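Report on one structure; see the data block that follows.
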Amino acid sequence: MSPAVRFVNVCRHFGPVRAVDGVTLDIAQGEFFAMLGPSGSGKTTCLRLIAGFEQPSAGHLEIFGETAVGVPPYKRNVNTVFQDYALFPHMTVGENVAYGLRIKGVPKAEREAKARKALAMVKLSGYEQRLPSQLSGGQRQRVALARALVNGPKVLLLDEPLGALDLKLREQMQEELKALQKHLGITFVFVTHDQGEALSMADRVAVFNEGKIIQVDSPTHIYERPQSRFVADFVGSSNVLPPDFASAHGCTAKWTSLRPERIAVAAPGTAVPKGQCHADGEVKLISYQGAVTRYSVQTGERRIVAEVPAGAEFKEGDKVRLIWPKSAMVTMEDGA
Amino acid sequence: MTHAVTADQEDRAVTTEGRGGILDKVSDFFFAYPKLLTLLLLLPPLLWIGVVYVGSLFALLLQSFYSLDDYSGLIVHEFTLSTYAQLLETANLQIILRTVLMSASVTLACAVIAFPIAYYAARYARGWAKALFYLAVMMPLWSSYLVKIYAWKLILAKEGIVTWLAKGLHLSWLLDGILALPLVGGPSLSFSYIGTFLVFVYVWIPYMILPTQAALERVPINYIEASADLGAEPRQTFWTVIFPLALPGIIAGSIFTFSLTLGDYIVPTIVGNSRLMIGQAVYTLQGTAGNVPLAAAFTVVPMVIMGIYLWVAKRMGAFDVL
């Protein structure tokens, strides 16, 4: 079975800027795939390469085993949900959703029925006659989704689809998108800079930086086994510790990631159980975040961030002992 | 004592240090009564439009309901529709028809020529290319209208550069063929409807390019991408997305080109055959002929036509996206 999307050493340059720089990647059929990275990391350009809005400067791109190089967007069986939805303002919701079918020459009655069905799927039945300007952000998002899905794409591309929604709606849409993808069984490729979104929704995540893929893995591995400082720091803001710190605590002398929530904050002098490491320091900063409290602790010349369940036992300036299991220290191959 | 300190602190907490002065008081006053400021700003233009413009328009309208005494040549100040009946005489109807056809063809030509230019400027031109575009479109508006028209008269004249160029390219047969066309042809380009048409298109085209460009500028690139994404070829995207969204701009431009052509009397006087257009008719009637009522009635015609035009455009949904 050929992969849904295959990148082979794909580059996309804009003048001197290497937006995508040698990306090799297979996205499996039926996979919910996330491209995660900071802005300007090349993730959106990769999505646009799949959609056909960009053509690779070098390398090879395949969609379902067929070459996509030189194929214009209107000849690809791929549909996109745009970041700002890009609903046509001069068409009603119904016309927007039926647009792709109208272009294909589907008879009016049939395409209207299909549009109605697609709108029902995104829970917007009865909105056919409205204009996009009369909808809320969340509703527009659903219309954009229906407009893409009604064409029965083999791959659905989503460009920061939840970026413009407020937190509550975003969480709700995350669940719905996930359920929809399971139900339809088509490949979703989804671009985001929000690591929480990527981890919670995707089957696999590719972490991008400076036009390159840094790591492709399952969300669990991305979070628990980051292979590089960049991934450790970008996904969940880990403590990235230098080789000498690791060796001082009985690990291989390599760059090491230590997640803040794995660290316990205790009173100075607390006994350290076997198999656990510790460091003593002084609380420099406390940041209350609702469910958790973050302590920034100065130990020697470095700061370590620890995250403990809510309730601030310590004050700024207090001496504390940080304790964590040795297994929480993840050795990274890549020091970059 | 303590009380005074608190009051002082409170005072400092809520207001900045007073600058005083009359301007400060005026600002405070208008801040308290914002509607008054709006009224004050609107009053002069409202007076201008209300009294000078609408007032004279009304006076003009009134004139068109008077008539001219054929024997004395004096204006009879009695309400009558006979002047409007005169408009329906063949010669006058021809003037109206000629003007409307000319305006319509000039508008159509302007729209067709302006669109690619506007599209290029809105979609592709950046930096110096965009500056050059604005310069090229606006510069003709800086020079005198009369100079441009006389220049065109020379260009189109029998001894002009067009004839010379046609001869040089061995295309005289083509030029002669065009001039031999019935109705639109004539002894030379500068004495034909074609000449009038060309000059009109030239002088009004900036008024079509600019609103069209502004409308296209407001069509985000991702609408075009979304359309392609949904399977539309560029041609389909043009007709289903770009054109409908640019239409309000084209309509706005056509209002300029259509109404300007409808009322112009200088271009057809200098370049063209001697057949009158509405503007010339008005000019002649109120001047040498002294028939102000008929001139007024003629003036009402473009207004009515424009009214109908706007109404039809609105019915067709041209302003829905505004």
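Residue numbers (our numbering), protein chains in the order written: chain A, 1 to 336; chain B, 337 to 658.
C-beta: ideal position from N, C-alpha, C; glycine also.
Model, not experiment: these values are computed from the prediction.
With H, G and I counted as helix, E and B as strand and the rest as coil, what does DSSP make of residue i?
i                      : result
residue 504 of chain B : helix
residue 59 of chain A  : strand
residue 319 of chain A : strand
residue 13 of chain A  : strand
residue 178 of chain A : helix
residue 22 of chain A  : strand
residue 159 of chain A : strand
residue 229 of chain A : helix
residue 580 of chain B : helix
residue 329 of chain A : strand
residue 29 of chain A  : coil
residue 412 of chain B : strand
residue 309 of chain A : strand
residue 67 of chain A  : strand
residue 509 of chain B : helix
residue 585 of chain B : helix
residue 221 of chain A : helix
residue 252 of chain A : coil
residue 405 of chain B : coil
residue 456 of chain B : helix
residue 624 of chain B : coil
residue 281 of chain A : strand
residue 529 of chain B : helix
residue 443 of chain B : helix
residue 209 of chain A : strand
residue 127 of chain A : coil
What does residue i touch in chain A if you count any residue whose Cβ is under 8 Å from its own?
i                      : result
residue 564 of chain B : 52, 53, 72, 73, 74
Is residue i near the ligand NAP - that is, is its Cβ less than 7 Å away from at least one heavy atom of it?
i                      : result
residue 632 of chain B : The ligand NAP is absent from the structure shown, which contains no ligands of any kind.
Taking its Cβ as the centre, do 16 or more other Cβ atoms sit within 10 Å of residue i, making it buried, or is it exposed?
i                      : result
residue 474 of chain B : exposed
residue 99 of chain A  : buried
residue 405 of chain B : exposed
residue 578 of chain B : buried
residue 197 of chain A : buried
residue 31 of chain A  : buried
residue 159 of chain A : buried
residue 201 of chain A : buried
residue 392 of chain B : exposed
residue 337 of chain B : Below a pLDDT of 50, predicted positions are generally treated as unreliable, and residue 337 of chain B, at 42, falls in that range; the measurement from the model is reported next regardless. Exposed.
residue 616 of chain B : buried
residue 134 of chain A : exposed
residue 136 of chain A : exposed
residue 109 of chain A : exposed
residue 331 of chain B : Limits of chain B in this structure are 337 at one end and 658 at the other, which puts residue 331 of chain B out of reach.
residue 540 of chain B : buried
For a contact defined as C-beta to C-beta under 9 Å, what are the partners of residue i on chain A?
i                      : result
residue 581 of chain B : 88, 89, 90
Among the options, which has the Cα closest to the Cα of residue i?
i                      : options                    : result
residue 441 of chain B : B:575, B:557, B:520, B:563 : B:520
residue 36 of chain A  : A:189, A:303, A:318, A:173 : A:189
residue 7 of chain A   : A:28, A:18, A:17, A:1      : A:28
residue 406 of chain A : A:227, A:58, A:237, A:250  : Residue numbering for chain A in the displayed model covers 1 to 336; residue 406 of chain A lies beyond these limits and cannot be assessed.
residue 317 of chain A : A:94, A:268, A:92, A:274   : A:268
residue 629 of chain B : B:369, B:396, B:470        : B:396
residue 162 of chain A : A:174, A:152, A:94         : A:174
residue 333 of chain A : A:110, A:243, A:237, A:271 : A:243
residue 410 of chain B : B:627, B:506, B:443, B:485 : B:627
residue 73 of chain A  : A:50, A:84, A:62           : A:50
residue 156 of chain A : A:283, A:217, A:324, A:177 : A:177
residue 586 of chain B : B:508, B:516, B:447, B:606 : B:447
Starting from the beta carbon of residue i, find every residue of chain B whose beta carbon is closer than 7 Å, and list them in chain order.
i                      : result
residue 100 of chain A : 566, 567
residue 82 of chain A  : 558, 562
Residues of chain B with CB under 8 Å from residue i, in chain order?
i                      : result
residue 104 of chain A : 567
residue 151 of chain A : 566, 567
residue 79 of chain A  : 565, 566
Going along chain B, which residues have a C-beta under 9 Å from residue i?
i                      : result
residue 209 of chain A : Here the premise fails: no neighbours, minimum Cβ distance about 25 Å.
So which residues on chain A does residue i lean against when the C-beta distance must stay under 7 Å?
i                      : result
residue 577 of chain B : 88
residue 572 of chain B : 103
(message) Using a Cβ distance threshold of 8 Å, determine whether the stretch 83–97 of chain A contacts the stretch 546–555 of chain B, with at least three qualifying pairs required.
(response) no
(message) Across the stretch 532–544 of chain B and the stretch 46–66 of chain A, are there enough close Cβ pairs to call them in contact, namely three or more that are closer than 8 Å?
(response) no
(request) Determine contact between the stretch 602–617 of chain B and the stretch 427–439 of chain B, defined as no fewer than three beta-carbon pairs at a distance below 8 Å. (result) yes
(message) Measuring CB atoms only, is the stretch 594–603 of chain B touching the stretch 372–386 of chain B, in the sense that at least three cross pairs come out at less than 8 Å?
(response) no
(message) Taking contact to mean 3 or more Cβ pairs, one atom from each stretch, closer than 8 Å, check whether the stretch 487–495 of chain B and the stretch 454–461 of chain B are in contact.
(response) no
(request) Count the C-beta pairs between the stretch 564–576 of chain B and the stretch 634–654 of chain B that are closer than 8 Å, then say yes if the count reaches three, no if not. (result) no
(message) Tell me whether the stretch 144–155 of chain A and the stretch 99–109 of chain A touch, counting them as touching only if at least three CB pairs, one residue from each stretch, are closer than 8 Å.
(response) yes
(message) Would the stretch 219–236 of chain A count as touching the stretch 297–307 of chain A if we require 3 or more Cβ pairs under 8 Å?
(response) no
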